[in-house]
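Asks: Sharing a structure below in structure tokens format, with a few things to ask.
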Amino acid sequence: MYPITPIHSQKHLIPILFENEAHQFISIHIVFDNQDATLAHLLNILRLTRLGNTIKYPNGYNQKMRILFVTDARSPISQNWIKHFIKQGYEIYIASTFDVELDFPARLEFTPVAFSAAKKKNSAPSSASSVTLGFRTIFRQWLGPLTIPSSARKLRKFIQEIKPDLIHAMRIPYEGILTTKALVGARFSRPTPFLVSVWGNDFTLHAPSTPLMKSYTKFVMQNVTALHADTNRDIKLAREYGFPEEKISLVAPGNGGVRSDIFYPPNELVKNPIIINPRGVRPYVRNDSFFKAIPLVLAKYPEAKFICTLMQNESQALKWIEELNISHAVELLPAIEYQKMGDLFRSAQIVVSPSIHDGTPNSLIEAMACGCFPVAGDLESIREWITYGQNGLLFDANDSQSIADAILLGLEREDLRHDAAGLNANLISAKADYEVNMKRMEEFYKSIV
Numbered sequence: 003m004y005p006i007t008p009i010h011s012q013k014h015l016i017p018i019l020f021e022n023e024a025h026q027f028i029s030i031h032i033v034f035d036n037q038d039a040t041l042a043h044l045l046n047i048l049r050l051t052r053l054g055n056t057i058k059y060p061n062g063y064n065q066k067m068r069i070l071f072v073t074d075a076r077s078p079i080s081q082n083w084i085k086h087f088i089k090q091g092y093e094i095y096i097a098s099t100f101d102v103e104l105d106f107p108a109r110l111e112f113t114p115v116a117f118s119a120a121k122k123k124n125s126a127p128s129s130a131s132s133v134t135l136g137f138r139t140i141f142r143q144w145l146g147p148l149t150i151p152s153s154a155r156k157l158r159k160f161i162q163e164i165k166p167d168l169i170h171a172m173r174i175p176y177e178g179i180l181t182t183k184a185l186v187g188a189r190f191s192r193p194t195p196f197l198v199s200v201w202g203n204d205f206t207l208h209a210p211s212t213p214l215m216k217s218y219t220k221f222v223m224q225n226v227t228a229l230h231a232d233t234n235r236d237i238k239l240a241r242e243y244g245f246p247e248e249k250i251s252l253v254a255p256g257n258g259g260v261r262s263d264i265f266y267p268p269n270e271l272v273k274n275p276i277i278i279n280p281r282g283v284r285p286y287v288r289n290d291s292f293f294k295a296i297p298l299v300l301a302k303y304p305e306a307k308f309i310c311t312l313m314q315n316e317s318q319a320l321k322w323i324e325e326l327n328i329s330h331a332v333e334l335l336p337a338i339e340y341q342k343m344g345d346l347f348r349s350a351q352i353v354v355s356p357s358i359h360d361g362t363p364n365s366l367i368e369a370m371a372c373g374c375f376p377v378a379g380d381l382e383s384i385r386e387w388i389t390y391g392q393n394g395l396l397f398d399a400n401d402s403q404s405i406a407d408a409i410l411l412g413l414e415r416e417d418l419r420h421d422a423a424g425l426n427a428n429l430i431s432a433k434a435d436y437e438v439n440m441k442r443m444e445e446f447y448k449s450i451v
């Protein structure tokens with residue numbers, strides 16, 4: 003039994019005692035009607051027992067766990083994650099920071115933040131040009147935090163209406179910042195456990211970008227109930243930003259993991275020199291260096307082909323192709339349906355990820371599961387997946403020659419590609435299986451609540 007500070011009310015005093023046994027909570031409310039503490043007329047014992055995805059109340063009624071996701075609900079990663087919990091019978095609500103229409107949550111509330119209302123409804127998360135994305139990122143880093151207080155008031159009202167058992171904010175900027183601001187200091191009938199996911203470059207790119215972003219990141223880490231990250235590096239960085247040692251965390255891929263029914267090795271590894279860059283247009287991906295590396299590869303492998311997804315009609319990519327005279331070797335593709343990406347990866351020999359900020363790139367580990375030989379930017383987070391010279395190669399993403407050298411070595415060493423395919427199949431099965439990780443995540447949710 004642990005005594006809690008007494009709560010004063012019209013009945014003078016309500017001491018509350020709590021007992022915690024394996025996710026069973028007993029709350030005893032004793033009401034006294036005079037200063038002599040004579041027992042008056044109420045002894046109410048409420049037992050809440052966690053059973054699977056439900057909460058069992060004393061009258062026998064089982065209520066589904068009610069989860070609120072604060073996320074950019076346009077994101078396929080968010081949608082796939084949320085659909086898992088709907089399938090498992092949870093009661094799902096979404097506060098989307100971008101305007102979108104979805105038919106699967108119990109309720110969806112558009113909660114714009116950091117000028118997200120400027121985007122058209124149902125627009126793709128990365129539908130702008132590279133120049134626009136770069137400007138937008140800087141603009142939102144400096145001015146986006148100024149929109150947090152007003153957005154938090156709207157989210158706080160939504161939380162008060164639906165009374166979730168758990169809130170999951172899917173990344174720190176700006177969903178985690180928004181949720182923390184809505185919860186801290188709010189007068190709710192009961193505290194609401196709050197989980198935040200760290201995506202890719204939350205700590206390495208966004209947090210240090212401006213003084214206010216750094217301050218808000220610390221604010222989130224100091225107040226969050228639990229943390230989900232896709233790399234061990236980010237758990238370490240979270241501690242540096244104030245995430246307490248005693249609070250719980252879980253490391254698992256940000257999209258839940260690799261779906262083995264979609265992403266699996268081919269019967270035979272690809273013989274033709276086909277290289278795929280699936281990263282698309284992002285401010286932290288050095289596509290300029292990647293395209294400049296292509297002529298260096300073609301000088302030794304003139305038959306090599308380069309496939310770039312999420313880049314069709316991208317003006318900057320088209321300009322690089324023309325300037326470098328490599329149109330015969332490059333194919334720019336639009337966004338590919340998720341279920342078809344496995345076939346595309348199985349048609350390639352090498353996957354390239356030229357990023358300078360990253361967590362665990364979902365497309366990279368999905369390609370590895372399909373037998374692609376990975377060459378990627380040399381980052382601490384990537385080294386959690388790739389050991390140089392064993393199951394892949396690493397390069398300096400700022401240096402086109404370094405990228406070309408890694409691709410060329412991958413093309414030349416068939417033995418290395420063959421050995422890496424086996425190692426990566428085992429690695430993905432052990433660390434990134436979707437079904438296994440989502441079950442881990444369910445248990446993590448229950449431990450938080």
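So the number in the numbering used here is just where the residue sits in the sequence shown, counting from 1, plus 2.
Even glycine gets a Cβ: it sits at the ideal position worked out from N, Cα and C.
Using three-state DSSP, classify Leu-298 as helix, strand or coil.
Replies: Note: Leu-298 maps to helix in three-state DSSP.
Asks: May I have a chain-ordered list of the beta strand (DSSP E) segments no shorter than 3 residues that lie completely inside the segment 147–190?
Replies: The segment 147–190 contains these whole beta strand (DSSP E) runs: 168–172.
Asks: Just the C-alpha distance for Asn-61 and Arg-442, rounded to the nearest angstrom, thanks.
Replies: At Asn-61 the pLDDT is 41, less than 50, meaning the model places this residue with poor confidence and gives no usable figure here.
Asks: Just reading off the alpha helix (DSSP H) that Glu-437 is part of, what are its end residues?
Replies: Where Glu-437 is concerned, the enclosing alpha helix (DSSP H) stretches over 436–450.
Asks: What residue range is occupied by the uninterrupted alpha helix (DSSP H) comprising Lys-348?
Replies: Looking at the sequence shown, residue 348 is not Lys but Arg. Per DSSP, Arg-348 belongs to the alpha helix (DSSP H) from 343–348.
Asks: Determine which residues share a DSSP beta bridge with His-230 and list them.
Replies: According to DSSP, which records beta bridges pairwise, His-230 is partnered with Ser-199, Leu-252.
Asks: With contact counted as at least three CB pairs below 8 angstroms, one residue from each stretch, are the segment 287–303 and the segment 316–336 in contact?
Replies: Contact between the segment 287–303 and the segment 316–336 is present, because at least three Cβ pairs lie under 8 angstroms.
Asks: Between Gly-391 and Lys-156, what straight-line distance do the alpha-carbon atoms span, to the nearest angstrom?
Replies: Distance between the alpha carbons of Gly-391 and Lys-156 is about 51 angstroms.
Asks: Enumerate in chain order the residues of its own chain whose CB-to-CB distance from Ser-383 is below 7 angstroms, with the five nearest sequence positions on each side excluded.
Replies: The residues are Thr-233, Arg-235, Asp-360, Gly-361, Thr-362.
Asks: According to the neighbour-count rule (16 or more other Cβ atoms, all chains shown, within 10 Å of its Cβ), is His-420 buried or exposed?
Replies: Classification of His-420: exposed, given that the 10 Å Cβ count is below 16.
Asks: By a C-beta neighbour count over all protein chains shown, 10 Å radius and 16 as the cutoff for buried, is Glu-368 buried or exposed?
Replies: Answer is buried; the Cβ neighbour count reaches 16.
Asks: State buried or exposed for Ala-432, treating a residue as buried only when at least 16 other CB atoms are found within 10 Å of its CB.
Replies: Counting Cβ neighbours within 10 Å, Ala-432 comes out exposed, since fewer than 16 surround it.
Asks: Run through DSSP, which three-state label would Arg-76 get?
Replies: Coil at Arg-76, not helix or strand.
Asks: Following the continuous alpha helix (DSSP H) through Phe-221, name the residue where it begins and the one where it ends.
Replies: Its alpha helix (DSSP H) spans residues 213–225.
Asks: Please look up how many angstroms separate the CB atoms of Ile-278 and Leu-366, rounded, as I've assumed it's under 8 angstroms.
Replies: No, Ile-278 and Leu-366 are not in contact; Cβ-Cβ is about 11 angstroms, not under 8 angstroms.
Asks: By Cβ distance, which residues of its chain are closer than 8 angstroms to Asn-82, with the 5 residues on each side in sequence left out?
Replies: So the list reads Asn-257, Gly-258, Tyr-340, once near-sequence residues are dropped.
Asks: Measure from the alpha carbon of Pro-213 to the alpha carbon of each residue in Leu-271, Leu-429, Leu-148, then state which is nearest.
Replies: The candidate whose alpha carbon is nearest that of Pro-213 is Leu-148.
Asks: By how many angstroms is the C-alpha of Thr-181 removed from the C-alpha of Asp-167?
Replies: Approximately 14 angstroms, taken between the alpha carbons.
Asks: From which residue to which residue does the beta strand (DSSP E) around Ile-277 run?
Replies: Segment 276–279, the beta strand (DSSP E) holding Ile-277.
Asks: From this set, Val-115, Gly-344, Lys-307, Ile-338, which residue's C-alpha is nearest Gln-330's C-alpha?
Replies: Looking at the sequence provided, one finds His at residue 330 rather than Gln. Comparing Cα positions, the closest option is Lys-307.
Asks: Please report how far the alpha carbon of Glu-444 lies from the alpha carbon of Ala-254, in whole angstroms.
Replies: Using only the alpha carbons, I get a separation of about 12 angstroms.
Asks: Is the beta carbon of Ile-405 closer than 8 angstroms to that of Ala-295?
Replies: Yes, they are a contact pair.
Asks: Restricting to Cα atoms, I'd like to know which of Pro-304, Trp-201, Val-283 is closest to Ile-276.
Replies: The candidate whose alpha carbon is nearest that of Ile-276 is Pro-304.
Asks: Specify, as a first and last residue, the run of the alpha helix (DSSP H) that Arg-419 falls within.
Replies: That run of the alpha helix (DSSP H) goes 416–433.
Asks: Taking 7 angstroms as the cut-off, is the C-beta of Pro-304 nearer than that to any heavy atom in the ligand MN?
Replies: The ligand MN is not among the ligands present in this structure, which contains no ligands whatsoever.
Asks: With distances taken between CB atoms, is the gap from Pro-193 to Ile-450 smaller than 8 angstroms?
Replies: Not closer than 8 angstroms, so no.
Asks: Between the alpha carbons of Val-332 and Ile-309, how many angstroms are there, rounded?
Replies: One C-alpha to the other measures close to 6 angstroms.
Asks: What does the Cβ neighbour count give for Gly-187, buried or exposed, with the cut at 16 atoms within 10 Å?
Replies: That one is exposed.
Asks: DSSP three-state call for Lys-1: helix, strand or coil?
Replies: Nothing in the structure corresponds to residue 1, since the chain is present only between 3 and 451.
Asks: Within a Cβ cutoff of 8 angstroms, which residues of the same chain sit near Gly-80, ignoring the five residues on either side of it in sequence?
Replies: For the sequence presented, residue 80 should be read as Ser rather than Gly. Excluding sequence neighbours, Ser-80 sits near Phe-71, Thr-73, Asp-74, Met-172.
Asks: For Asp-35, which of helix, strand or coil comes out of DSSP?
Replies: With a pLDDT of 43 at Asp-35, under the threshold of 50, the predicted position of this residue should be treated as unreliable, and no value is reported.
Asks: Taking the Cβ atom as the reference point for each residue, do Val-102 and Arg-142 lie within a distance shorter than 8 angstroms?
Replies: No.
Asks: For Asp-263, is the classification buried or exposed, using 16 other Cβ atoms within 10 angstroms of its Cβ as the cut-off for buried?
Replies: Under this definition Asp-263 is an exposed residue.
Asks: Kindly indicate which residue of Ala-399, Ala-108, Arg-189 has the alpha-carbon position closest to the one of Gly-379.
Replies: The shortest C-alpha separation from Gly-379 is found at Ala-399.
Asks: State the Cα-Cα distance for the pair Arg-189 and Ile-161, rounded to the nearest angstrom.
Replies: Distance between the alpha carbons of Arg-189 and Ile-161 is about 11 angstroms.
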